[in-house]
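Peer 1: Numbering (full-length UniProt numbering), first residue to last: 1 to 528. Take this structure first; my questions come after.
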């Protein structure tokens, strides 16, 4: 089947300002681009179908370079706390939810953020107890690097004031005992007590996530889900069923948690299998926590907590072993590293255990850097998966965490871009909103949502650079830049169609754009 797309402005993203009037697509690939009249003359006798954009603006399909699709779907299905503005509002919502939940059933609230509450301070388990009764209950922080559990959940986990902190985690304690707060790896003490989820539930969550992402103009995403829902094979089969068997086409790159890599191999699968829609990607490793809970690993102590440098999820020896494991399986790594201490540890391993298969490693987040780290990044085959929306949500409180001196190389997207470090744009959903337009707006505007001030004016990206994060950048992250991220002959026919020209829009107007159509593999998956 040969199809013509015309009737709007089509940005190819090959170079800044490049656009065409029309595109010819066949079997999910771009055949040709040019003026409408030229393509009619050339292909008119072959055309099976024509798509009039009716003045819409087409871009290469937006791809989120780092998110958690299954978790995003769960957020859509569960109690969402992310928009609540006070502790009292959270507790009221939990009580109402508990009152309508069967006795003994677990209560899970998703994504609270105490930094946007009228008063800061985490909820104590005793406060959860008052509204959740005999139900075991947890609420997860927006960063997913901390949760608060009530007394029943803590009892089921067997955690007491004498329980030691696990490697890479912290158990919150005060003079009364366990506070209910569990950071990073300590969260597993609670999560291991929760009942497993069914494949039907996972299919529902994944379907909800994909349909929501279609409506946001996303044609693909690089996601990390294959460890948390009953093991690699169970979750992988759900992705295959929803995307392949049920026709929810979404160009998905599946990061493989290091604890799931052996199960992948035992299933007869390897890095790169499953393309083009459920491709197995890099080995995912966590090297530190998050800034919100002061568990991101810094080279020097936190400005507002001089006794604390954060948390190393793995010992030096274990981190060495994980890199060796990845290289033995011919896998690149995708390492969560927020603090400069974590990035330094990761770069040392990338230099010591280099890739040999022409792929690229990935560092996810890389929010706090310094000049030396950037110089080392320039020499390595590595992509930084950045989340522009973190600028909007982390400022101004992050300045108190890390201090003014470290701000020079914090969230320094323009510095990195100008130095030739490859950048890809994502949301880390459900940590941030999955909408790529919010990420593009944050990249070009750098305006905080808490006080509406601009932070790091000199680190603003141009509109072309910002859109590139979600098109060409995401393609670079999976070494698919020869077939994804642009609209040109031979590339996949993944398109995002908006109601306006972002290149003619002011930065703060970007998120007002409306998604008119989302096209994957030449097929319209969403139309307004």
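Note that CB positions come from ideal geometry on N, CA and C, so glycine has one too. Since the model is a prediction, treat every value here as computed from it, not as a measurement.
Out of 477, 2 and 282, point me to the one whose CA is closest to residue 48's CA.
Peer 2: The count along the chain shown starts at 1 and reaches residue 48 at position 48. For the residues 477, 2 and 282, the minimum Cα distance to residue 48 belongs to 2.
Peer 1: Buried or exposed for residue 160, please, with buried defined as at least 16 other CB atoms from any protein chain shown within 10 angstroms of its CB.
Peer 2: Within the chain shown, residue 160 is the residue found at index 160, counting from 1. With fewer than 16 other Cβ atoms within 10 Å, it is exposed.
Peer 1: Quick one: what's got a C-beta closer than 7 angstroms to residue 458's C-beta in the same chain, skipping five residues either side?
Peer 2: Taking the chain shown and counting its residues from 1, one reaches residue 458 at position 458. Closer than 7 angstroms at Cβ, skipping near neighbours: 414.
Peer 1: Mind checking who residue 224 pairs with in its DSSP beta bridge?
Peer 2: By 1-based counting over the chain shown, the position of residue 224 is 224. According to DSSP, which records beta bridges pairwise, residue 224 is partnered with 255.
Peer 1: For the alpha helix (DSSP H) containing residue 440, name the first residue and the last one.
Peer 2: Stepping through the chain shown from its first residue, residue 440 is reached at position 440. Residue 440 -> alpha helix (DSSP H) spans 436–445.
Peer 1: So, at 8 angstroms on beta carbons, what are the nonlocal neighbours of residue 207 in its own chain, with the 5 sequence-adjacent residues on each side left out?
Peer 2: Here the question's residue 207 lines up with position 207 in the chain shown. Excluding residues within five positions, the ones whose Cβ falls inside 8 angstroms are 73, 242, 246 and 248.
Peer 1: Given the structure, does residue 348 come close to the ligand ATP, in the sense that its CB is under 7 angstroms from one of the ligand's heavy atoms?
Peer 2: Among the ligands in the structure shown, none appear at all, so the ligand ATP cannot be discussed.
Peer 1: Could you tell me the distance, in whole angstroms, from the CA atom of residue 517 to the CA atom of residue 217?
Peer 2: To locate residue 517, count along the chain shown from 1; it is residue 517. To locate residue 217, count along the chain shown from 1; it is residue 217. Using only the alpha carbons, I get a separation of about 7 angstroms.
Peer 1: Per DSSP, which residues does residue 26 bridge with? Please list them.
Peer 2: In the chain shown, the residue the question calls residue 26 occupies position 26. Its beta-bridge partners are 2 and 29.
Peer 1: Would you grab the beta carbon distance between residue 87 and residue 123 for me? Rounded to a whole angstrom, and I think it's under 8 angstroms.
Peer 2: In the chain shown, the residue the question calls residue 87 occupies position 87. In the chain shown, the residue the question calls residue 123 occupies position 123. Yes, they are in contact, since the Cβ atoms of residue 87 and residue 123 sit about 6 angstroms apart, within 8 angstroms.
Peer 1: Taking a contact to mean a Cβ-Cβ separation below 8 angstroms, would you say residue 362 touches residue 391 in this structure?
Peer 2: By one-based count along the chain shown, residue 362 stands at place 362. By one-based count along the chain shown, residue 391 stands at place 391. Going by C-beta atoms, residue 362 is not nearer than 8 angstroms to residue 391.
Peer 1: Using 10 angstroms around the beta-carbon of residue 566, count the other beta-carbons present and answer buried if the total reaches 16, otherwise exposed.
Peer 2: There is simply no residue 566 to check, as the chain begins at 1 and stops at 528 in what is shown.
Peer 1: My output table needs one value for residue 492: the three-state DSSP class, helix, strand or coil.
Peer 2: Taking the first residue of the chain shown as position 1, residue 492 is located at position 492. Looking at residue 492 - three-state DSSP - the assignment turns out to be strand.
Peer 1: What would DSSP say about residue 285, mapped onto helix, strand or coil?
Peer 2: The residue you call residue 285 lines up with position 285 of the chain shown. Residue 285: strand per DSSP, three-state reduction.
Peer 1: Keeping to the same chain, check which residues put their C-beta closer than 7 angstroms to that of residue 438; ignore five residues upstream and five downstream.
Peer 2: Taking the chain shown and counting its residues from 1, the one referred to as residue 438 is at position 438. 389 and 511.
Peer 1: Check whether the region 107–124 and the region 134–152 are in contact - that is, three or more C-beta pairs closer than 8 angstroms.
Peer 2: Counting Cβ pairs under 8 angstroms, three or more are found: they touch.
Peer 1: Using a Cβ-Cβ cut-off of 8 angstroms (strictly less than) and excluding sequence neighbours within five positions of residue 488, which residues of its own chain qualify?
Peer 2: The residue you call residue 488 lines up with position 488 of the chain shown. Hits under 8 angstroms: 12, 14, 30 and 33.
Peer 1: Would you say residue 478 faces chain D, with C-beta separation under 8 angstroms as the test?
Peer 2: Structure shown: chain D not included; a single protein chain is present.
Peer 1: List the DSSP bridge partners of residue 527.
Peer 2: Here residue 527 refers to the residue found at position 527 of the chain shown. Bridge partners of residue 527: 517.
Peer 1: Where residue 334 and residue 453 are concerned, what is the direct C-alpha to C-alpha distance, given to the nearest angstrom?
Peer 2: Within the chain shown, residue 334 is the residue found at index 334, counting from 1. Within the chain shown, residue 453 is the residue found at index 453, counting from 1. If I take the Cα positions, the gap works out to 32 angstroms.
Peer 1: How is residue 52 classed by DSSP in three states: helix, strand or coil?
Peer 2: For the purposes of this step, residue 52 is taken as residue 52 along the chain shown, with counting starting at 1. Correct three-state label for residue 52: strand.
Peer 1: If the criterion is Cβ atoms closer than 8 angstroms, does the pair residue 353 and residue 324 meet it?
Peer 2: Position 353 of the chain shown, counted from the first residue, corresponds to residue 353. Position 324 of the chain shown, counted from the first residue, corresponds to residue 324. Going by C-beta atoms, residue 353 is nearer than 8 angstroms to residue 324.
Peer 1: Can you tell me whether residue 365 is buried or exposed, with buried defined as 16 or more other CB within 10 angstroms of its CB?
Peer 2: Along the chain shown, one-based indexing puts residue 365 at 365. Buried: at least 16 other Cβ atoms inside 10 Å.
Peer 1: Ignoring anything shorter than 4 residues, give me the alpha helix (DSSP H) runs that lie fully in the region 125–155, in order along the chain.
Peer 2: The region 125–155 contains these whole alpha helix (DSSP H) runs: 125–132.
Peer 1: Tell me, to the nearest whole angstrom, how far the beta carbon of residue 479 is from that of residue 360; I am working on the premise that it is less than 8 angstroms.
Peer 2: Within the chain shown, residue 479 is the residue found at index 479, counting from 1. Within the chain shown, residue 360 is the residue found at index 360, counting from 1. About 6 angstroms; that satisfies the 8 angstroms criterion.
Peer 1: At which residue ranges does the region 54–119 contain complete alpha helix (DSSP H) runs of 4 or more residues, listed in the order of the chain?
Peer 2: Runs found: 69–77 and 87–99.
Peer 1: Which term fits residue 529, buried or exposed, when burial requires 16 or more other beta carbons within 10 angstroms of its beta carbon?
Peer 2: As displayed, the chain neither begins before 1 nor continues past 528, which places residue 529 out of reach and without an answer.
Peer 1: If we call anything under 8 angstroms between Cβ atoms a contact, is residue 339 one with residue 297?
Peer 2: For this step, residue 339 is matched to residue 339 along the chain shown. For this step, residue 297 is matched to residue 297 along the chain shown. Yes, Cβ-Cβ distance for residue 339 and residue 297 is below 8 angstroms.
Peer 1: Under 8 angstroms, do residue 28 and residue 497 count as touching if we go by C-beta distance?
Peer 2: The count along the chain shown starts at 1 and reaches residue 28 at position 28. The count along the chain shown starts at 1 and reaches residue 497 at position 497. No; because the gap between Cβ atoms is not below 8 angstroms, this pair is not in contact.
Peer 1: From residue 103 to residue 129, what distance separates their C-alpha atoms?
Peer 2: As a working note, residue 103 is residue 103 in the chain shown. As a working note, residue 129 is residue 129 in the chain shown. Straight-line Cα distance between these residues: approximately 14 angstroms.
Peer 1: Check whether the region 258–275 and the region 225–232 touch, using three or more Cβ-Cβ pairs below 8 angstroms as the test.
Peer 2: Touching, yes.
Peer 1: Quick check: what's the CA-CA separation for residue 399 versus residue 407?
Peer 2: The residue labelled residue 399 in the question sits at position 399 within the chain shown. The residue labelled residue 407 in the question sits at position 407 within the chain shown. Answer to the nearest angstrom: the Cα atoms are 7 angstroms apart.
Peer 1: Hey, residue 137 and residue 189: beta-carbon distance below 8 angstroms or not?
Peer 2: Numbered from its first residue, the chain shown carries residue 137 at position 137. Numbered from its first residue, the chain shown carries residue 189 at position 189. No, the Cβ-Cβ distance between residue 137 and residue 189 is not below 8 angstroms.
Peer 1: Can you tell me whether residue 205 is buried or exposed, with buried defined as 16 or more other CB within 10 angstroms of its CB?
Peer 2: Taking the first residue of the chain shown as position 1, residue 205 is located at position 205. Label assigned to residue 205: buried.
Peer 1: Would you please state the rounded distance, in angstroms, between the beta carbons of residue 449 and residue 505? I believe it to be under 8 angstroms.
Peer 2: Within the chain shown, numbered from 1, the residue matching residue 449 stands at position 449. Within the chain shown, numbered from 1, the residue matching residue 505 stands at position 505. In fact, because the Cβ distance is near 19 angstroms, the residues do not count as touching under 8 angstroms.
Peer 1: Taking all protein chains shown into account, do 16 or more other C-beta atoms lie within 10 angstroms of the C-beta of residue 344, making it buried, or fewer, making it exposed?
Peer 2: Numbered from 1 along the chain shown, position 344 holds the residue referred to as residue 344. Label assigned to residue 344: buried.
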